[in-house]
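Residue numbers (this note's numbering), protein chains in the order written: chain X, 1 to 544; chain C, 545 to 778. Here's the structure we're looking at; comments come further down.
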Amino acid sequence: MLKALINKQFSEIFRTYFVDKKTGEAKPKKKIITSFVVFALIMLLLAGMFFAMSFLFLPLMKLDRSVHWIYFAAMGAVSILLGIFGSVFNTFASLYLPKDNELLLAMPISPLKLLLSRVSVVAGLAALYSGLVFVPSCIFYYIFGKPTFLSVIYDVLLFLLITLFVSALTCILGFLVALIALSVKNKKGKSFITVLLSIAFIFGYYYAINKMNTAITYLATHPTTVGNSIKKWGNLIYQLGEAAMGNSLSMLIFAGVSVVLSGICLFVLSKTFLNLATKNKGEKNTQNKSAKISKQSGVMSALVKKEFLRFTGSATYMLNCGLGIIFTPAVAVFCFIKRKAILSALSALNSAFGIDVKAYLPLVTVAVIALVSSMNTVSTPSVSLEGKNLWILKSLPVQTKDIINAKLKLHNYLCVPSVVLSVVIMGIALKLDVTFVILGAALLTVITYFIGAIGLMFGIKNPNFNWTNETTPIKQSLNVLFVLLIGWVIPVVLVGGYYLIRKFLVPDFEAATFLSFFVVIFAFAVRFVTKWLLTEGTRALEEL
Amino acid sequence: MLQINNLTKIYGDKKAVDNLSIHIKPGEIYGFIGHNGAGKTTTLKSAVGILKFEQGEILVDGISVKENPVECKKRIAYIPDNPDLYDFMTGIKYLNFIADIYEVGENERNERINKYSELFEIKDNLNSSVSSYSHGMKQKLAVISALIHNPKLIIMDEPFVGLDPKAAHILKEIMREVCQNGGAIFFSTHVLEVAEKLCDKVAIIKDGKLVKSGTMDEVKGDETLESVFLELEA
């Protein structure tokens, strides 16, 4: 039975990979393989980043093998953090919010088995995100370190144990969020509390990562001192590091802690699951003060408002598709606060390596904002999120292009002010010329329009209406992954392109000209994709 | 009011609706009955403009659903078999949204929301989230939202499912009122007694084909609608 439940969970996630949405039949093998190849490439790209990060430890590899555990302790900690970061936002929704909870609980299925099937998805995500760090870290060590046969075996076991450890921690966090969120009666209040808790967690995560970077740099030069501190203050991480090196006692300790933690977590969750999963079926329906009938507003305004209510009505949607709205200005404010340190670092870079920092600064500023705001994929899952409600829009007297425009408008209304504000703050902080601020704002605006339009295009071309948990179209979809990837590629193209032009073609190529060129390019791209949306996209949406 | 001429809708290799023609005049309550999977919902959805169809023509108030779906939809209200409404809205926000889309003025929406929410006894629940509603309450909300723009034609798929006896009675009264005011109702049902008592005309569909239609007397004669239906299904 458990196998059937787990199969059901994963088939929901992978359905869009295998099944054609129109015919309901299996997709051609070529399409399936292409989807998986693209997915694998994205994962390889991310794993490559962490592999590159391991090079910080190259000096440590030249020291005695007895201190190499520090490497695995550090990378293991990053792996655990990323694992938690990657899955924690969906744990609450994955465990307690699926629409089929009541249906399955009405069947002769024990809550524990249902819970285990839900946890399997959390574990899958934990394995994916932790593995992105841990697997390349191990490969790095096998190339540059001194592995033994036993350490390799233990590394495989550790990957599984880290997944277990991360899943347990994430489930506990999800459980705590559920306890707090479900104590709030109002549905919107629940969403906002979940978002607030998650944002607090994210800031904590970035604070930890920030400290970790400093710690890693310090660690490379002071392995013994840091090693002693880890032993004293983070003994479990020390055991993890030692276990990865083939220490059997440490392996036993880390395995024991992971298994006991998972046991406690499963016990608590299974005892409370029934109550929380059924309690969450919306707010208590109480008779209350008379409802306010609003004044008439226009059709487009009503459609945009509906999209806004959909966005703000779901913590999962806000956290996974709109975090950049807050994060982008937060990064800009951070730069403003640290402006003196940044400017002196830039000037040091200028004098030490002879890099013309001033020439690159506008591009880098735009690239940083574009990178952070790539987290904004508001429009991408918006079609799939219509789910079983699609009949409403289809039966209403509205043009399909208005439905599309409303989805685009919400994306732009939410994301454009955020990037424009950020470029202004960064401009002041980094003393950018006003021309660059204006051009940067223009470029970031068209990039935002482009991401919104291309995301909606993917959403229309490859929708998924058959979900029981909204994390499926929001988080576990290829559409979102593609759009995120495009969002990451854009800053690389901007900075890399400018660097290559200056190095090989025109050494004193003006940043303003380059920015203007890309404003035009993206404006054309927006026009092209929008035209598709309003012609082919409209037809495709009508066919759904 | 509604003319369905030679409608054919195909899913893959299967004809869900095969050359079906139904004409509904203003003032008529038209029942649509048939076994599960006969093609009732497909026909209703095609008439509303939700489903595209391969052959035939559907006219609402003389306007083609294929050519001008938006104009047709302005005259129609549709209530599906399962009221999946926006869970992220409160009842009143949903009604305001529908009223905005149909461009219903403040006074009219005020009057209609108050009237129907009081009739269906959900006025005090309109500030609650739709996600907290029972199936019956969602059905009531769907009915109110359908009436908010005073439609000429109401198309309903199993409208009485989930409604309590009092609400079902009120809905029947409203259906009669709509028809008395020159509107028309086209609805599917499995409750043959309701169809027999409520409908002016009835159509029976089997495997996508219309097997019998006309006034209630023409269809059932001296028998009951149930016995006619069972004979046709045999």
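The beta carbon of each residue, even a glycine, is placed where N, CA and C say it ideally should be. Remember, it's a predicted structure, so these values are computed and weren't measured experimentally.
Separation of residue j from residue i, as counted between CA atoms
i             : j             : result
residue 90/X  : residue 321/X : 12 Å
residue 401/X : residue 27/X  : 28 Å
residue 313/X : residue 8/X   : 26 Å
residue 46/X  : residue 679/C : 46 Å
residue 125/X : residue 587/C : 43 Å
residue 367/X : residue 424/X : 14 Å
residue 282/X : residue 471/X : In this predicted model, residue 282/X has a pLDDT of only 48, less than 50, meaning its place in the structure is not dependable enough to derive any value.
residue 138/X : residue 166/X : 18 Å
residue 128/X : residue 730/C : 53 Å
residue 492/X : residue 703/C : 56 Å
residue 36/X  : residue 582/C : 40 Å
residue 456/X : residue 486/X : 13 Å
residue 272/X : residue 136/X : 38 Å
residue 343/X : residue 429/X : 9 Å
residue 66/X  : residue 252/X : 19 Å
residue 17/X  : residue 32/X  : 6 Å
residue 543/X : residue 309/X : 25 Å
residue 83/X  : residue 538/X : 39 Å
residue 270/X : residue 376/X : 35 Å
residue 441/X : residue 524/X : 17 Å
residue 2/X   : residue 431/X : 60 Å
Expected contact under 8 Å - CB spacing of residue i and residue j to nearest Å
i             : j             : result
residue 597/C : residue 732/C : Between residue 732/C and residue 597/C the Cβ distance is about 17 Å, and since that is not below 8 Å, they are no contact.
residue 114/X : residue 5/X   : 7 Å
residue 673/C : residue 631/C : 7 Å
residue 131/X : residue 241/X : Residue 131/X to residue 241/X, Cβ: 18 Å. No contact.
residue 383/X : residue 454/X : Actually they are not in contact, since the Cβ atoms of residue 383/X and residue 454/X sit about 13 Å apart, beyond 8 Å.
residue 624/C : residue 391/X : 6 Å
residue 488/X : residue 371/X : 7 Å
residue 318/X : residue 311/X : 6 Å
residue 479/X : residue 459/X : 6 Å
residue 776/C : residue 756/C : 6 Å
residue 711/C : residue 664/C : 6 Å
residue 389/X : residue 449/X : Incorrect: roughly 26 Å between the Cβ atoms, too far for contact.
residue 599/X : residue 79/X  : In the structure displayed, chain X extends from 1 to 544; residue 599/X sits before or after that span and is not available.
Option nearest residue i by Cα separation, candidates the options
i             : options                    : result
residue 743/C : 571/C, 691/C, 592/C, 600/C : 571/C
residue 152/X : 364/X, 454/X, 247/X        : 247/X
residue 722/C : 735/C, 753/C, 696/C        : 696/C
residue 326/X : 196/X, 480/X, 468/X        : 196/X
residue 331/X : 298/X, 358/X, 307/X, 373/X : 373/X
residue 61/X  : 144/X, 230/X, 443/X        : 144/X
residue 618/C : 758/C, 639/C, 645/C        : 645/C
residue 567/C : 545/C, 675/C, 560/C        : 545/C
residue 435/X : 515/X, 500/X, 296/X        : 515/X
residue 758/C : 769/C, 647/C, 655/C        : 769/C
residue 291/X : 655/C, 642/C, 550/C, 637/C : 637/C
residue 393/X : 171/X, 74/X, 541/X         : 541/X
Those residues which DSSP pairs with residue i across a bridge
i             : result
residue 604/C : 546/C, 607/C
residue 599/C : 552/C
residue 575/C : 731/C, 746/C
residue 121/X : Note: residue 121/X sits in no beta bridge, so no partner.
residue 621/C : 698/C
residue 26/X  : 19/X
residue 758/C : 746/C
residue 561/C : 553/C
residue 568/C : 546/C
Residue i classed as buried or exposed, judged by whether at least 16 other C-beta atoms fall within 10 angstroms
i             : result
residue 520/X : exposed
residue 556/C : exposed
residue 767/C : exposed
residue 70/X  : buried
residue 669/C : buried
residue 267/X : exposed
residue 701/C : buried
residue 404/X : buried
residue 535/X : exposed
residue 399/X : exposed
residue 12/X  : buried
residue 761/C : exposed
residue 653/C : buried
residue 507/X : exposed
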